[in-house]
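Numbering (my numbering), first residue to last: 1 to 172.
Don't be surprised by glycine CBs; every beta carbon is placed ideally from N, CA and C.
From a predicted model like this one, the values you see are computed outputs, not experimental measurements.
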């Protein structure tokens, strides 16, 4: 049997959870959904693209398992209570046809399955950021400082700073 895993990745908005998952999944072998795609009127297999009027479930699942390695549900914290059955079906399907399942959330996991690996993505420690990028100390106690704890914004700030005329002598 192929190896498969379920991951619940959570942390504050903009910290890089989705980017992290994008970097570890192959876009050609992954399905990526946002919470708005998970509706109470559909089943998990319909979410994955099966149309019962066109084909039987068995051949669809066989083809799916050969071609898709990962399924991602982003912003799972926005899935409604009435649509939760789709998520639970997806968990069972991932065990049955062996694909990686990633849930991305701003809130801690409320799903009760001991097979789900929970990963909390934490903000960066400002002390560590200032050690690694000492030129940022010039922005200490400014409105920009809180952004340095977020890898997404920190990357933008450092990239722009290094491309500007105000570049300082730093090692990055």
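71 is the residue among 45, 53, 71 whose C-alpha sits nearest the C-alpha of residue 28. Under the DSSP definition of a beta bridge, residue 138 lacks any partner.
Put simply, of 64, 89, 142 the residue whose alpha carbon is nearest the alpha carbon of residue 111 is 89. Annotated as proximal: residue 38 and residue 73, with beta-carbon spacing under 9 Å.
In the DSSP assignment, residue 120 falls within the beta strand (DSSP E) that extends over 116–120. Counting along the chain, the unbroken alpha helix (DSSP H) around residue 155 starts and ends at 151–163.
Taking C-beta separations shorter than 6 Å and ignoring five residues to either side along the sequence, the partners of residue 5 in its chain run 100, following chain order. C-alpha of residue 8 to C-alpha of residue 153: approximately 23 Å in a straight line. Cβ neighbours of residue 77 within its own chain (closer than 7 Å, five residues either side excluded): 105, 106, 107. Within its own chain, the residues whose Cβ lies closer than 7 Å to the Cβ of residue 136, once the five positions on either side in sequence are excluded, are 129, 130, 148, listed in chain order.
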